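Read through the structure below, which is laid out as C-alpha cells, and then see the notes.
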Amino acid sequence: MGFFIYTQSTDAMVKSFVRIELTQQESIHAAIFGALWGAIEIVIGTALHAARVPFRGIVLSLLAVLVLVCAKAFVRRKGSLLLIGAVAATLKGLSMGGFVLTPMLAIFVEASVAEIAFALFGVRRFAALIAGSLALLYTFSHGLLAQGILFGTDIYLVYFDLFQRVLGALDVPQMSLLALLGGLAFVHAALGVVAALFAWSVAQRAKTLIEETA
Numbered sequence: 336m337g338f339f340i341y342t343q344s345t346d347a348m349v350k351s352f353v354r355i356e357l358t359q360q361e362s363i364h365a366a367i368f369g370a371l372w373g374a375i376e377i378v379i380g381t382a383l384h385a386a387r388v389p390f391r392g393i394v395l396s397l398l399a400v401l402v403l404v405c406a407k408a409f410v411r412r413k414g415s416l417l418l419i420g421a422v423a424a425t426l427k428g429l430s431m432g433g434f435v436l437t438p439m440l441a442i443f444v445e446a447s448v449a450e451i452a453f454a455l456f457g458v459r460r461f462a463a464l465i466a467g468s469l470a471l472l473y474t475f476s477h478g479l480l481a482q483g484i485l486f487g488t489d490i491y492l493v494y495f496d497l498f499q500r501v502l503g504a505l506d507v508p509q510m511s512l513l514a515l516l517g518g519l520a521f522v523h524a525a526l527g528v529v530a531a532l533f534a535w536s537v538a539q540r541a542k543t544l545i546e547e548t549a
C-alpha cells in the first residue's frame, strides 16, 4: 500500500514537470521507474556512502543504467527519460533536506545522455548499449573533475605516480598518463555496455511475459 501511494504521488509529479504527452499507462510506468531510481539513490546510495564502499559511483551508475534502459523499453515516447530523471533527482534532493545540486545534476545528466542516445538511434538494443556506455563515461569524467576541483590538479599526478608504483611492484610495464586514462575510460564504457545489454534483455523478456498473460 505504501509503495502504491508513493507511485501515485510520483505519477502526479511526472505530469507536472514537463509538457510531454503521455498515456495514462506510460505516466504510471514513468512514475514507477522514477520512484525506483530515486529509492535506489536514497537507500543504496546512502548505505554505500555510509559504508565508504569504493567505486560506489560506478555501482550507482550501473543501477541507473538498468533503470533507464528498462524504463525506455516500457515508455518509448521521446523525453520520457528526462521526466524519470527529474522525478528521481527531486526525490533525492528532498531526501537530503533540500535541493542539493551535485547529486541531482548527476542523476539528470545520466538521464539526458541516455535520452539523447535513444533519440538518435531509436529505441533498440544498439541505442541502449550507447546509452549505457555514455552514462558510465559521464561517471568517469565527473569523478575526475570532482577530484580536481576538491584537491587541485596535482592530485592527478599523485594518483598517476601511485599507479606507476603499483605497476612496478607487479613487474608490469609502465604506461603513459594518456594510456591510463584511455584504459579506465574503456573499462567504464564496457561496464555500461554490459549493464545495458542485461537490462535490455530483461525488459524485452518482461514485456513478452506481460503480453502473454494479458
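If you count by the numbering used here, then the sequence shown holds residues 336 to 549, one letter each, in order. Every residue, glycine too, gets a C-beta built ideally from N, C-alpha and C. For clarity, every value in this text was computed on a predicted model and none was experimentally measured.
* Thinking C-beta only, is residue 520 closer than 7 Å to residue 475? -> Locating residue 475 in the sequence shown gives position 140, counting from the first residue. Locating residue 520 in the sequence shown gives position 185, counting from the first residue. One thing to note: residue 475 has its Cβ within 7 Å of the Cβ of residue 520.
* **Stretch pair the region 492 to 500 + the region 448 to 465: three plus CB contacts closer than 8 Å** => When C-beta atoms of the region 492 to 500 are compared with those of the region 448 to 465, fewer than three pairs fall below 8 Å, so the two segments do not count as touching.
* Asked: In chain order, what residues of the same chain have a beta carbon less than 6 Å from the beta carbon of residue 420, not counting five sequence neighbours either side?
  -> Taking the sequence shown and counting its residues from 1, the one referred to as residue 420 is at position 85. Only 442, 443 and 446 meet the Cβ criterion.
* To do: State yes or no: is the C-beta of residue 423 within less than 7 Å of the C-beta of residue 449?
  => The sequence position of residue 423 within the sequence shown is 88, counting from 1. The sequence position of residue 449 within the sequence shown is 114, counting from 1. Between residue 423 and residue 449, the C-beta gap is not smaller than 7 Å, which leaves the two residues out of contact.
* Asked: For residue 404, does the count of other Cβ atoms within 10 angstroms reach 16, so buried, or fall short, so exposed?
  -> By one-based count along the sequence shown, residue 404 stands at place 69. Flag for residue 404 reads buried.
* Asked: Quick one: what does DSSP say residue 511 is sitting in, helix, strand or coil?
  -> For this step, residue 511 is matched to residue 176 along the sequence shown. Residue 511: coil per DSSP, three-state reduction.
* **Collapsed DSSP secondary structure at residue 386 in the structure displayed** => To locate residue 386, count along the sequence shown from 1; it is residue 51. In the structure shown, residue 386 falls within a coil segment according to DSSP collapsed to helix, strand and coil.
* Asked: Three or more C-beta pairs closer than 8 Å, one from the region 355 to 367 and one from the region 401 to 416: is that the case here?
  -> Enough Cβ pairs lie closer than 8 Å, so yes.
* Asked: Under a three-way DSSP split, which group does residue 413 fall into?
  -> On the sequence shown, residue 413 is found 78 positions in, with the first residue counted as 1. DSSP places residue 413 in coil when its eight states are reduced to three.
* Asked: Considering only residues of the same chain and omitting the five flanking positions on each side of residue 395, which have a CB-CB separation below 6 Å?
  -> Here residue 395 refers to the residue found at position 60 when the sequence shown is read from its first residue. Residues 380 of the same chain have their beta carbon placed closer than 6 Å to that of residue 395, with the five preceding and five following residues left out of the count.
* To do: Take residue 339 and list the residues in its own chain whose beta-carbon comes closer than 6 Å to its own, dropping the five residues that flank it on each side.
  => Counting from one through the sequence shown, the residue named residue 339 turns up at place 4. Only weak support is given to the placement of residue 339: the predicted model assigns it a pLDDT of 43, under 50, and the question is left unresolved by the model.
* Beta-carbon separation (whole angstroms), residue 439 vs residue 428, contact threshold 8 Å -> Along the sequence shown, one-based indexing puts residue 439 at 104. Along the sequence shown, one-based indexing puts residue 428 at 93. About 5 Å separates the two Cβ atoms, so the contact holds.
* Asked: Can the beta-carbon of residue 470 be found less than 7 Å from the beta-carbon of residue 462?
  -> Position 135 of the sequence shown, counting from 1, holds the residue named residue 470. Position 127 of the sequence shown, counting from 1, holds the residue named residue 462. Contact flag unset, no.
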